[in-house]
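Respectively, the protein sequence lines represent chains A and B.
Okay, so the first sequence: first residue is 870 according to this note's numbering, each after it adds one.
Okay, so the second sequence: first residue is 870 according to this note's numbering, each after it adds one.
Glycine included, each C-beta is placed from N, C-alpha and C at the ideal position.
All figures in this text were calculated on a predicted structure; none of them were measured in a lab.
There are 2 protein chains.
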Amino acid sequence: VAVLQDEMPAPAEVRFDCTGIATGKTRNDLTVTMVRPFAETFVPATGESAFRGGDATAPPPLALFVAGLTGLPMTQIRAFGKRLGVPAAGLRVETRVVRDRARADRVYQTAPRGFEIDIHLGAAVPDDDRAALGAAARKGCFLEQTLGQANTIRHRLAVAEGWREV
Amino acid sequence: VAVLQDEMPAPAEVRFDCTGIATGKTRNDLTVTMVRPFAETFVPATGESAFRGGDATAPPPLALFVAGLTGLPMTQIRAFGKRLGVPAAGLRVETRVVRDRARADRVYQTAPRGFEIDIHLGAAVPDDDRAALGAAARKGCFLEQTLGQANTIRHRLAVAEGWREV
């Protein structure tokens, strides 16, 4: 991890692009490209279970979100642990995400209710060192910082004559 | 999809839990469980490329987040399209996520810069129907609603005597 940090200009821009194509009944095939600082491409997929009309060939989108929300602080803790001299061996993280969903006419609306992240460091580390590592990882975690503030998401819908904001 | 909606109480609670275990050099093996309304389990993984000290056996956490952010509105658009009578055949979505990262002492801090989601419906659908579907999908998309507001994430760090909030 140190390689990336040390070679990055400060401040640095990180950019991910994704193109999703609807394929199976509920399956979406996705091409995720890290555009900056280094080009890398990944091809995950999302889907729904048979119960919800899908073919169960991939996890639902929210499962990928929760996996990213759990994996990102884990990556931060291990990377920052090296830098701060706090051993992160045996790391285990447990996350809980709850949302509400209410019908609205023919469709439904939704809102988040709560996010909880429990961090277990396996090594015998003094409590203050643990807390320092946890706090640093929180500030360095893109998803933590993003979810903690109100973000503007720009939506454009392709229409007959160009784009419409929705 | 209609099956789930019709059988759900309104309002309904949706809950995902995740346990992440640090395994490889940067790899995290994750068990994501949809606890409510229906129990399902998924086992994604995250990792880092060899360039960043990893073994490149799984996508980075942020790639899963961006995949979820792209896949979820696609799932909503297809589900709500059926309910609103708007065909969603040929759906393609393109997403761009940009964040800033700045060094802070031995570690770094981060902040989101922008989110853009472009929605392409393939079928010959009147523009107003497209816009109605796009707006409904936005309100029904958990990630849209979550990112659009400031959320409180509760962090607990396991310490010698119980838990510490970080």
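If the five residues before and after Thr979 of chain A are omitted, its C-beta is found closer than 8 Å to the C-beta atoms of Arg968, Asp969, Arg970 and Ala971, all from its own chain and listed in chain order.
With respect to the C-alpha of Glu917 of chain A, the residue from B:Gly922, B:Ile890, B:Glu917 and B:Glu909 having the closest C-alpha is B:Glu909. Within the same chain, Ile988 come within 7 Å of Gly1003 of chain A by CB-CB distance, once the 5 residues on both sides are set aside. By the rule that beta-carbons nearer than 9 Å mark a contact, Ala1000 of chain B touches chain A. For Phe1011 of chain B, the uninterrupted alpha helix (DSSP H) segment begins and ends at Phe1011 to Leu1016. Leu1016 of chain B places its beta carbon less than 9 Å from that of Thr1015 of chain A. Within the segment 1014-1028 of chain B, those residues whose Cβ lies closer than 9 Å to any Cβ of chain A are, in chain order, Gln1014, Thr1015, Leu1016, Gly1017, Gln1018, Ala1019, Asn1020, Thr1021, Ile1022, Arg1023, His1024, Arg1025, Leu1026, Ala1027 and Val1028. For Ala932 of chain A, there is no enclosing beta strand (DSSP E); the residue is part of the alpha helix (DSSP H) that begins and ends at Pro930 to Leu953. Its chain contains Ala958 and Gly959 as the residues whose beta carbon lies nearer than 6 Å to that of Gly991 of chain B, once the 5 sequence neighbours on both sides are disregarded; these appear in chain order. Phe907 of chain B carries a coil assignment under DSSP once its states are collapsed to helix, strand and coil.
Here DSSP, grouped into helix, strand and coil, assigns Arg982 of chain A to strand. With its beta carbon at least 9 Å from every one in chain B, Thr926 of chain A lies outside the interface. For Val912 of chain B, the number of other beta carbons within 10 angstroms of its own is below 16, and it is reported as exposed. Scanning B:Val1028, B:Tyr977 and B:Arg896 for the CA closest to the CA of Asp924 of chain B turns up B:Arg896. With a cutoff of 9 Å on beta-carbon distance, Arg961 of chain B and Gly954 of chain A are scored as not near each other. Non-local beta-carbon contacts of Val935 of chain B in its own chain, meaning distances under 7 Å to residues more than five positions away in sequence, involve Thr964 and Val966 in chain order.
Within chain B, no residue has its CB atom less than 8 Å from the CB of Gly950 of chain A, the nearest being about 10 Å off. The beta carbons of Leu931 of chain B and Leu1012 of chain B sit no closer together than 9 Å. Burial check for Pro995 of chain B: the Cβ neighbour count within 10 Å stays below 16, so the residue is exposed.
Ala992 of chain B has a beta carbon lying at 9 Å or more from every beta carbon in chain A. Contact between Val901 of chain A and Pro928 of chain B holds, with the beta-carbon distance rounding to 7 Å and staying under 8 Å.
Leaving aside the five residues that flank Pro981 of chain A on each side, the residues in its chain whose CB is nearer than 7 Å to its CB run, in chain order, Arg968. The beta-carbon separation of Ala1006 of chain B and Gln945 of chain B, rounded to 4 Å, stays under the 8 Å limit for a contact. Its chain contains Leu941, Pro942 and Gln945 as the residues whose beta carbon lies nearer than 7 Å to that of Cys1010 of chain A, once the 5 sequence neighbours on both sides are disregarded; these appear in chain order.
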